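Using our numbering, the letters of the first sequence map in sequence onto residues 336 to 1130. Idealized CB from N, CA, C, for every residue including glycine. Just so we're clear, the structure is a prediction, and the values are computed from it rather than from any experiment. Encoded as structure tokens, the structure appears first; notes follow it.
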Amino acid sequence: MHKKFDSTAIEKKWQTKWQESKIYNVGEVITNNREYVLVEWPYPSGNLHIGHWYAFAVPDIYVRYRRMSGVTVLYPMGFDAFGLPAENAAIKRSLSPKNWTDQNISYMREQLNSMGNAFSWDKTCNSTDPEYYKWTQWMFTEFFRNNIAYRGKGVVNWCPGCNTVIANEQVLTDGTCERSGDLIEKREMPQWMLRITQYADRLIDDLETLDWPEHIKEAQRQWIGRSRGAEIDFTLSTGEKIAVFTTRPDTLFGATYLVLAPEHPLVVKSKNHINNWAEVNAYVETVRQKDEQERLDNTKEKTGVKIAGITALNPATNENIPVFIADYVLGAYGTGAIMAVPAHDERDYAFAKKFSLPVKAVVASSEALPTTTAGHLINSGEFDGLTSDEAKTAIVAKVGGRLCNTYRLRDWSIGRQRYWGVPIPIVYDSTGKPHPVPKEHLPWLLPEDVDPKPTGEAPLAKSTVLKERTEAIFGAGWTPEVETMDTFVDSSWYFMRYVDNRNDTELANLEIQKNWLPVDLYFGGAEHTTMHLLYSRFWQKALFDLGLAAHSEPYKKRINRGLILGPDGNKMSKSKGNVIDPDEQVRTLGADTVKMYLAFLGPYEGSNYPFDLSGIAGIRRFLERVYGLSEHLAETETEEITRQLHKTIAKVRTDIESFKFNTAISAFMIFLNQAEKAGLTKESYLIFLRLLAPFAPHLTEEIWSQLGEVDSIHQATYPQAKAQWLEADTVVISVQVNGKLRGTITLPVQAKEAEAMAAARQSADLQKYFANQEITKVIFVPKKILSIITTQLPI
RNA sequence: GCUGGAGUGGUGGAAUGGUAUACACGUGCGACUCAAAAUCGCAUGCCGCAAGGCUUGAGGGUUCAAGUCCCUCCUCCAGCACCA
């Protein structure tokens, strides 16, 4: 029977000791032998669910392993505590968001400690702390002074559920809000924006330098959506010039009409030249009524209206071509106008067919039109015969166009009409001109004299405190900005603050940044690919350009963990009622068991796992057997078991380094199975415990101390495999005859082909397969395989 | 449609081109027990009494040897999509 252990008592005891002795703090070290391992800071929702365990307890294995390997590892934890849920919960409970958040943070800190993680609590921070958001605000003012932040106008995404504007990245593909699920409306209103588009090229190009999974890099490239092409000017019959963007300037000779987006400014501007203004205007109105989804539905039939009375001159052919407005051309992309080449673009082709417009092929192809591949030019005057590539530059040069890139990425809109966020540190003078709040007045505190209830109007507009503060400092007639910042701003730089979290004169000292940053390893969820990860890369680059950051990329290596799904295989959510709180398992089976079980599910990087508790007993049994073994240690052990121990060490180390904790755990199990049978000395057992310590920190610490060790096992060194034990004298290799596996032979490791064949001939099991055959070929791969090819001898 | 990734037992999953199904769960049988739980032992891909044969989404190919490499498909997941 296995020795049961009281996991609750053991875990509580060691958690308290670790906190008292502060063994996981990193202090103020400056060292080369250091590493920064980051996990995404959580929102303090009030209860720890299984997803938090997966996010924090499993990377903890890696952190403890590196620390035991002698590396000083920063593994900080903090709280991303601004945002809508606090507001909503606070409204529901009639508490202030601040009180609700503060309560949750202290409660959650306790819960996080109950996981037994090796967090560097001396480096924590919290986005709602004025000492933190003072710097968020200061960076914003620096961005404003340097024209990275600006007050923009335009169409924004309005979420009716959240009662606020949200950024493009926060709208899902189906046009709903990533947070509330409501259908997003388009509204025209002034907005605080950050010029992330100015960084589009660097955000794409610098991906090359990062050790990130390819799919994340690719998703970011697609999100930024760089198209290489050219802008070409067409002259309208009104005398106005209009620029179009095209990725295929080589097809300019095939441009048989022009299309403007309905919202193109030139449409209204040319009103007096348009003979069918009523019809044109009616179309613009219908498009305006359509919601985004309708307009972007590419399966519907194309619509549009010809602008009567205006033509455009094709600069290549010098022919006058008609001009249309149509909603398949988007106002916000490129120049909001296109040259239509129906022969070589499917959308233009469909439109041309519907409106009976000429289709002129200019790229040779044997396929039916429209063809969109490159080729040799025809019907293109002096450019006939050139390849598409050659023609691109030649034609652009000839018509005075400009080679340029266009991006799908839009600037980041960061103003929110909500209460619980960082106040945008801007004040307006009596003429309405915005001014940044000077540094000496930061933090620009969030006033507490308003009802946070969202109404669509920014709640801060009702604050007398904020109004009076503004007038007291800046003078009568000055008014405060009343919007708060998107919470993704807070998380765009938290990893920088961790390293210098008590600095009250700088956001993070450059020397300290140079010591710790960039983050060596960043564990997080896939949902952040085109939000947080993109925003914080941009933020870092903007700071770098201003000399405030030591590096231009924040995270060297990224690991996207999978998701723990509900038992029904769906994403856990309160509304589906499939959320697993691991409290029960932690109470009855212990934190070590829960942690190891999660690590055992499968490789950390990659797939999603439906949470199924049925297997957790296996881990608990394993830990009980490890504990039980401490009372049955042997005086001596076989060489074989020593060899197995060292093999296990080697296997566990490589598995941890590739984040395959599941196979590391299976190696522990295999070894334990053998050790129980064969007997293990105390010396080897202590090595085994150290090897297991990152996986089961409480239990190993307890046994370690019971066996008389004084210092924490987590400050001991991680075992290293000794080469002399890694190789056995003999090796079992398999034997194939004519491609079929027929048996095995045991050989000395350094055996050659001749010895292998001799062994095969001697084996009764094997020789029958080739005894009466002619052996035509033998392949011998040392330590692997003997492969024999025969042909039938004539009888 | 484009891009990235994945398809292996009843389940989670394992396998530098070299013994496919490790490890664990589950299941079955047995031991212990008045009994049950717990624990321990054995078995457990499929067909077959056996000998043997078959098996990594489907079909081809390369190779002495393919889950792994190549080609053609199918299915699922994720991102992008009237982006010129």
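Through-space distance from residue j to residue i, alpha-carbon basis
i	j	result
Ala-565	Ala-675	14 Å
Ser-356	Leu-842	29 Å
Arg-804	Asp-632	49 Å
Lys-802	Trp-612	47 Å
Asn-439	Pro-432	10 Å
His-387	Thr-366	31 Å
Glu-477	Asp-626	37 Å
Pro-853	Gly-882	15 Å
Asn-1073	Gly-950	42 Å
Asp-1046	Phe-454	19 Å
Val-1116	Arg-893	38 Å
Ile-645	Val-658	7 Å
Pro-902	Phe-946	5 Å
His-608	Leu-518	39 Å
Thr-865	Lys-635	29 Å
Asp-784	Leu-795	9 Å
Arg-402	Arg-960	26 Å
Met-336	Gly-860	Because the pLDDT of Met-336 is 49, which lies under 50, any placement of that residue in the model is unreliable, and the number read from its coordinates should be weighed accordingly. If I take the Cα positions, the gap works out to 41 Å.
Thr-814	Val-490	25 Å
Ser-965	Phe-1023	11 Å
Tyr-944	Met-907	11 Å
Arg-630	Phe-823	29 Å
Ala-1058	Tyr-400	20 Å
Identity of the residue in the options nearest residue i by Cα
i	options	result
Tyr-742	Ala-390, Gly-669, Glu-959 and Leu-373	Gly-669
Asp-662	Asn-607, Phe-686, Ala-596 and Ser-462	Ala-596
Gln-526	Asp-784, Trp-747 and Glu-504	Trp-747
Pro-773	Phe-809, Val-854 and Ile-1110	Phe-809
Trp-1060	Tyr-359, Asp-927, Arg-978 and Asn-461	Arg-978
His-1049	Trp-376, Leu-373, Gly-671 and Val-408	Val-408
Ala-877	His-679, Pro-705 and Phe-475	Phe-475
Ala-672	Leu-936, Val-361 and Leu-571	Leu-571
Ala-1013	Pro-693, Pro-778 and Thr-973	Thr-973
Phe-414	Leu-601, Tyr-468 and Phe-690	Tyr-468
Val-622	Ala-1056, Gly-639 and Ser-826	Gly-639
Cys-460	Trp-376, Pro-584 and Trp-558	Trp-376
Tyr-829	Thr-463, Ala-453, Lys-339 and Leu-383	Thr-463
Thr-436	Asn-850, Leu-447 and Ala-416	Ala-416
Glu-888	Leu-900, Tyr-870 and Ser-715	Tyr-870
Leu-542	Met-528, Gln-533 and Ile-559	Ile-559
Enclosing alpha helix (DSSP H) for residue i [first to last residue]
i	result
Phe-417	No alpha helix (DSSP H) holds Phe-417; DSSP gives it neither H nor E.
Ile-808	799–809
Arg-753	Neither: Arg-753 is in no alpha helix (DSSP H) and is coded neither H nor E.
Tyr-1104	Tyr-1104 -> no alpha helix (DSSP H), and no H or E assigned at all.
Thr-351	342–356
Span of the beta strand (DSSP E), counted from its first residue to its last, around residue i
i	result
Leu-869	Premise fails: Leu-869 lies in the alpha helix (DSSP H), 867–880, not in any beta strand (DSSP E).
Ala-502	Unbroken run through Ala-502: none, as it is neither H nor E.
Phe-830	Where Phe-830 is concerned, there is no enclosing beta strand (DSSP E), although the alpha helix (DSSP H) it sits in stretches over 829–834.
Ser-1069	1065–1072
Met-907	Per DSSP, Met-907 belongs to no beta strand (DSSP E) and is neither H nor E.
Thr-741	737–741
Ala-855	Position check: residue 855 holds Asp in this sequence, whereas Ala was assumed. Unbroken beta strand (DSSP E) run through Asp-855: 854–860.
Ile-1110	1108–1116
Glu-566	562–571
Phe-588	Careful: Phe-588 lies outside any beta strand (DSSP E) and carries neither H nor E.
Ala-1094	Premise fails: Ala-1094 lies in the alpha helix (DSSP H), 1088–1097, not in any beta strand (DSSP E).
Thr-581	576–581
Cβ-Cβ separation, residue j to residue i (assumed contact under 8 Å), whole Å
i	j	result
Arg-537	Ile-483	With a Cβ gap of about 13 Å, Arg-537 and Ile-483 do not count as contacting.
Ala-999	Ile-991	6 Å
Glu-575	Leu-601	6 Å
Pro-465	Pro-778	4 Å
Asn-714	Val-697	5 Å
Any non-hydrogen atom of the ligand NAD closer than 7 Å to residue i Cβ
i	result
Arg-537	With respect to the ligand NAD, the structure shown offers nothing to examine, as it has no ligands at all.
Which runs of the beta strand (DSSP E) spanning at least 3 residues fall entirely within the segment 397–477, listed in chain order? Every unbroken stretch of the beta strand (DSSP E) spanning 3 or more residues and falling wholly within the segment 397–477 is given here in chain order: 407–409.
Unbroken alpha helix (DSSP H) runs of length 4 or more, entirely within the segment 666–741: which are they? Within the segment 666–741, the runs of alpha helix (DSSP H) at least 4 residues long that lie entirely inside it are, in chain order, 681–689 and 723–734.
Restricting to runs no shorter than 4 residues, where is the alpha helix (DSSP H) found entirely within the segment 620–663? Here the runs fully enclosed are 627–631.
Which whole runs of the alpha helix (DSSP H) in the segment 888–969 are 4 residues long or more, in chain order? As far as the segment 888–969 is concerned, its whole alpha helix (DSSP H) runs of at least 4 residues are 918–924, 926–935 and 951–964.
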